[in-house]
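If you read the sequence shown in my numbering, its first letter stands for residue 14, the second for the next number, and so on.
Where is the CB? At the ideal position from N, CA and C, for every residue including glycine.
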Amino acid sequence: MTSLLFDQYFFVVNAVVFTQPGTISIERVPDPTCAPDEVIVKIAIAGICGTDVHIYRNEYLSKFPLIPGHEFGGTVVEVGSAVRDFKAGDRVAVDPNISCGQCEFCRSLQPNHCLNWRGVGITQSGAFAEYVAVPARVTYKLPDGLTDQQAAFIEPLSCVVYALNRIRVHPADEVLVFGAGPMGLLLIQALKHSGAARLVAVDKQSRRLELASQMGADHLLLGDDLRIKESLRDLAPHGFHIVVDATGVPTVIEQALDYLRPRGQYLQFGVAPMTATINWRPYDIFRRDWTIIGSFALSFTFQQAIAWLLNGAINVAPLVSHTLPLSEFTLGFREFIEGKTLKVHLKP
Ligand SMILES: [Zn+2]
Ligand SMILES: [Zn+2]
């Protein structure tokens with residue numbers, strides 16, 4: 014960076030570091046240097062995600078120490094010598110997925126399965142910091158009119174857009190979504206905009222269900238309601254065309270197919286613990302013509318996510334429960350883990 018003031022340099026913390034599994038340090042780290050193909054982005058807002066919790070618990074592919082943070086937007090402050098398309102002052106968002114472009118999967122247009130995959134905030138320094146260095150080729154200029162808060166939702170919304178590319182929403186489909194956390198609430202809006210006629214949302218928290226209703230859910234069911242099975246039967250006696258899990262909770266996933274209509278599609282969007290197992294009956298999958306679909310991360314869906322945020326199809330402001338300075342990361346992270354928050358945003 015060109016101008017580093019002395020007092021800033023020595024006394025102001027500028028990064029969250031997971032020093033080892035289960036240990037958070039908020040400290041002063043050296044600013045990143047810019048490789049020829051990179052840009053340096055000054056972070057405006059970065060969001061906490063469930064993946065950060067998996068990293069913190071050493072349940073993911075990260076190595077320590079690591080600066081996490083992969084959902085963010087900011088402003089370019091420096092460009093590498095080989096970068097032509099960006100200049101200082103450009104407002105940008107960054108696709109944290111860095112694929113190699115050359116392996117078998119990249120050449121099959123499946124960059125999310127790249128054999129040499131790297132991730133900003135996952136395998137290399139991320140956005141819970143003042144600055145981050147990222148390849149220019151995964152950086153997207155923001156159109157005018159998109160707020161910093163919206164920019165930090167482009168990455169999670171891109172995952173939702175990718176999921177919608179994986180399933181087929183047919184006109185007037187009836188949809189059931191388990192889980193109305195930040196991702197579930199994005200999915201609910203996206204499914205309604207994609208043609209769902211009626212959408213039922215299930216969650217354990219009534220506050221989240223109120224938001225689901227604001228975001229287009231037609232029926233709301235409290236997840237701990239003992240009569241939930243009956244209620245879902247009444248709403249859709251033959252089951253739903255599409256059932257989505259956005260909880261990642263094995264006991265929820267295990268009963269989700271009970272509500273799927275013949276020839277229905279089941280989408281596994283929530284991230285279950287890596288070693289969890291469930292009981293499903295293969296006979297039912299055969300007998301009822303079911304389609305079971307997974308959806309991992311994203312694959313060149315930033316532009317669609319930007320378009321949906323820009324035209325107002327997806328409303329994100331109500332999904333942010335906390336906006337905190339970087340120095341209060343630990344507090345926000347703890348409450349996020351305890352399920353007391355929706356999306357937590359950090360402002361370095
Ligand atoms: Zn994420
Ligand atoms: Zn690759």
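- Message: Does the beta-carbon of proline 109, which I'm using as the reference point, lie nearer than 8 Å to any heavy atom of ligand 2?
- Response: What you label residue 109 is simply residue 96 of the sequence shown in a count that begins at 1. Flag unset: Cβ of proline 109 not near ligand 2.
- Query: Residue range of the alpha helix (DSSP H) that lysine 360 falls in?
  - Reply: Locating residue 360 in the sequence shown gives position 347, counting from the first residue. From DSSP, lysine 360 is part of no alpha helix (DSSP H) but of the beta strand (DSSP E) over 356-360.
- Item | Rounded separation between isoleucine 298 and arginine 179 - CA only | Here residue 298 is taken as the residue at index 285 of the sequence shown, counted from 1. Here residue 179 is taken as the residue at index 166 of the sequence shown, counted from 1. About 19 Å.
- Item | Own chain residues within Cβ distance below 6 Å of isoleucine 305, not counting five before or after | Along the sequence shown, read from residue 1 onward, the residue named residue 305 stands at position 292. Excluding residues within five positions, the ones whose Cβ falls inside 6 Å are Tyr279.
- Quiz: which residues have CB nearer than 7 Å to ligand 2 non-hydrogen atoms: Ser112, Cys113, Gly114, Gln115, Cys116, Phe118, Cys119, Pro124, Cys127, Leu128, Asn129, Trp130
- Report whether the distance from the Cβ of histidine 358 to the nearest heavy atom of ligand 3 is below 8 Å. Among the ligands modelled here, namely ligand 1 and ligand 2, ligand 3 does not occur.
- How many whole angstroms separate the CB atoms of glycine 208 and valine 190, which I take to be in contact at a CB cut-off of 8 Å? For the purposes of this step, residue 208 is taken as the residue at position 195 of the sequence shown. For the purposes of this step, residue 190 is taken as the residue at position 177 of the sequence shown. Actually they do not touch by this definition, with Cβ atoms about 15 Å apart.
- From this set, Ile61, Ser340, Asn27, Cys47, which residue's C-alpha is nearest methionine 196's C-alpha? Translated into the one-based positions of the sequence shown, residue 196 becomes position 183. Closest option to methionine 196, Cα to Cα, is Ile61.
- Kindly identify the DSSP beta-bridge partner or partners of arginine 5. Outside the displayed range of the chain (14 to 361) lies residue 5, so it cannot be described from this structure.
- Specify the secondary structure class of leucine 323 as computed by DSSP and reduced to three states. Working through the sequence shown from its first residue, we reach residue 323 at position 310. The answer is helix: DSSP assigns leucine 323 an H, G or I state.
- Item | Continuous alpha helix (DSSP H) stretch holding leucine 189: start and end | As a first step, residue 189 must be located in the sequence shown, where it is residue number 176. Here leucine 189 belongs to no alpha helix (DSSP H); instead the beta strand (DSSP E) covers 187-191.
- As assigned by DSSP and simplified to three states, the class of serine 219: Along the sequence shown, one-based indexing puts residue 219 at 206. Helix, per DSSP.
- Query: Of the residues Phe166, Leu155, Ala259, which one's Cα is nearest the Cα of leucine 200?
  - Reply: Looking up residue 200 in the sequence shown gives position 187. Nearest option by C-alpha distance: Ala259.
- Query: What residue ranges within the stretch 279-347 form continuous alpha helix (DSSP H) runs of no fewer than 4 residues, ordered along the chain?
  - Reply: 295-300, 315-323
- Task: Indicate whether the contact test is met: 3 or more Cβ pairs, each with one atom in the stretch 209-216 and one in the stretch 339-348, closer than 8 Å.
- Result: no
- Query: My guess is that glycine 134 and proline 109 are in contact by the Cβ rule of under 8 Å, so how many angstroms apart are they, rounded?
  - Reply: For the purposes of this step, residue 134 is taken as the residue at position 121 of the sequence shown. For the purposes of this step, residue 109 is taken as the residue at position 96 of the sequence shown. Right, the Cβ-Cβ distance comes to about 6 Å (below 8 Å), so this counts as a contact.
- Under the three-state DSSP convention, the category tyrosine 73 falls into: Taking the first residue of the sequence shown as position 1, residue 73 is located at position 60. Coil, per DSSP.
- Query: Does at least one heavy atom of ligand 1 sit under 8 Å from the Cβ of glutamate 267?
  - Reply: To locate residue 267, count along the sequence shown from 1; it is residue 254. Answer for glutamate 267: no, Cβ out of range of ligand 1.
- Task: With DSSP as the reference, please indicate the residues paired to leucine 235 in a beta bridge.
- Result: On the sequence shown, position 222 is the one that residue 235 refers to. Leucine 235 is bridged to Asp216.
- Could you tell me if asparagine 27 is buried or exposed, where buried requires 16 or more neighbouring beta carbons within 10 angstroms of its beta carbon? Numbered from 1 along the sequence shown, position 14 holds the residue referred to as residue 27. It counts as buried.
- leucine 198: buried (16+ other C-beta within 10 angstroms of its C-beta) or exposed? For the purposes of this step, residue 198 is taken as residue 185 along the sequence shown, with counting starting at 1. Leucine 198 should be labelled buried.
- Message: For a test of your reading of the model: does the CB of glycine 63 fall under 8 Å from any non-hydrogen atom of ligand 1? Yes or no.
- Response: If you number the sequence shown from 1, residue 63 lands on position 50. Because some heavy atom of ligand 1 lies under 8 Å away, the Cβ of glycine 63 counts as near it: yes.
- Message: Please classify lysine 100 as buried or exposed, where buried requires at least 16 other C-beta atoms within 10 Å of its C-beta.
- Response: Within the sequence shown, numbered from 1, the residue matching residue 100 stands at position 87. Exposed: under 16 other Cβ atoms inside 10 Å.
- Item | For aspartate 258: DSSP bridge partner residues | As a first step, residue 258 must be located in the sequence shown, where it is residue number 245. Phe191, Gln281.
- Item | Residue closest to alanine 285, alpha-carbon to alpha-carbon, out of Arg301, Glu91, Gly261, Val265 | Locating residue 285 in the sequence shown gives position 272, counting from the first residue. When only C-alpha atoms are compared, the closest one is Gly261.
- Assuming glycine 93 and alanine 48 make a contact with CB atoms under 8 Å, what is their CB distance in whole Å? Residue numbering aside, residue 93 sits at position 80 when the sequence shown is read from its first letter. Residue numbering aside, residue 48 sits at position 35 when the sequence shown is read from its first letter. Contact flag correct, Cβ pair sits at about 6 Å.
- Task: Measure the CB-CB distance between serine 334 and lysine 360 and report whether it falls below 9 Å.
- Result: What you label residue 334 is simply residue 321 of the sequence shown in a count that begins at 1. What you label residue 360 is simply residue 347 of the sequence shown in a count that begins at 1. For serine 334 and lysine 360, no; Cβs fall outside 9 Å.
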